[in-house]
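**Q**
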Amino acid sequence: MPTYDYVCDKCGHEFEAFESIMADPQKHCPKCETDNLRRKIGPGAAILFKGSGFYITDYRSDSYNKAAKADSSSSSAASPSPKSGDSASSSGASSASSSTGSSSTTSPCSK
1 MPTYDYVCDK
11 CGHEFEAFES
21 IMADPQKHCP
31 KCETDNLRRK
41 IGPGAAILFK
51 GSGFYITDYR
61 SDSYNKAAKA
71 DSSSSSAASP
81 SPKSGDSASS
91 SGASSASSST
101 GSSSTTSPCS
111 K
């Protein structure tokens, strides 16, 4: 059963009514007790799939999917790679530790 929106033309009272499709529209306003009530025309309800098997992105148009794929590929190509200075500084630190660590590589347990 659908939900209908009503508005009173006299007092401006708005409310929703859950009623059958076969029912006649209401005319009597519950707030001001006059017969100036009218049913509002709305956009209707959208289908919303809920559950583990449905996702809102499952039913996108082909043009949307193509644009999203092109956008994601261009953004991954535009992402900056690590700077050569950053990798040199980290490799320099590791080479410095390996040169100083050569004397300490012999542990007392390995003797």
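Residues in the sequence shown are numbered consecutively from 1, following my numbering.
We treat Cβ as the ideally placed atom computed from N, Cα and C, and that holds for glycine.
Values in this document were obtained by computation on a predicted structure and should not be read as measured data.
#1: To the nearest angstrom, report how far apart lysine 69 and serine 52 are at their CA atoms.
#2: If you measure between the beta carbons of glutamate 16 and tyrosine 4, is that distance less than 8 Å?
#3: By DSSP, does aspartate 35 sit in helix, in strand, or in coil?
#4: Distance, Cα to Cα, proline 25 vs glutamate 33?
#5: Do you know whose CA, among Asn65, Ala67 and Asp9, lies nearest arginine 115's CA?
#6: In chain order, what residues of the same chain lie with their CB nearer than 8 Å to the CB of proline 30, ignoring the 5 residues before and after it?
#7: Taking the straight line between their C-alpha atoms, what separation do you get for serine 61 and glutamate 19?
#8: Cα separation between leucine 37 and cysteine 11?
#9: Return the CA-CA distance between serine 75 and glycine 42, expressed in angstroms with no decimal places.
**A** The structure says:
#1: Here residue 69 refers to the residue found at position 69 when the sequence shown is read from its first residue. Here residue 52 refers to the residue found at position 52 when the sequence shown is read from its first residue. Their Cα atoms are separated by approximately 25 Å.
#2: By 1-based counting over the sequence shown, the position of residue 16 is 16. By 1-based counting over the sequence shown, the position of residue 4 is 4. Against a cut-off of 8 Å, the Cβ pair of tyrosine 4 and glutamate 16 comes out as a contact.
#3: One-based indexing of the sequence shown puts residue 35 at position 35. Coil, per DSSP.
#4: The count along the sequence shown starts at 1 and reaches residue 25 at position 25. The count along the sequence shown starts at 1 and reaches residue 33 at position 33. Approximately 16 Å, taken between the alpha carbons.
#5: Past the boundaries of the shown model lies residue 115; the chain is included only from 1 to 111, so the question cannot be answered.
#6: Residue mapping note: residue 30 aligns to position 30 of the sequence shown, counting from 1. Around proline 30: His13 and Phe15.
#7: Here residue 61 refers to the residue found at position 61 when the sequence shown is read from its first residue. Here residue 19 refers to the residue found at position 19 when the sequence shown is read from its first residue. Cα-Cα distance, rounded: 35 Å.
#8: Reading the sequence shown from its first residue, position 37 is the one you call residue 37. Reading the sequence shown from its first residue, position 11 is the one you call residue 11. Straight-line Cα distance between these residues: approximately 10 Å.
#9: In the sequence shown, residue 75 corresponds to position 75, counting from 1. In the sequence shown, residue 42 corresponds to position 42, counting from 1. Taking the straight line joining both Cα atoms gives about 40 Å.
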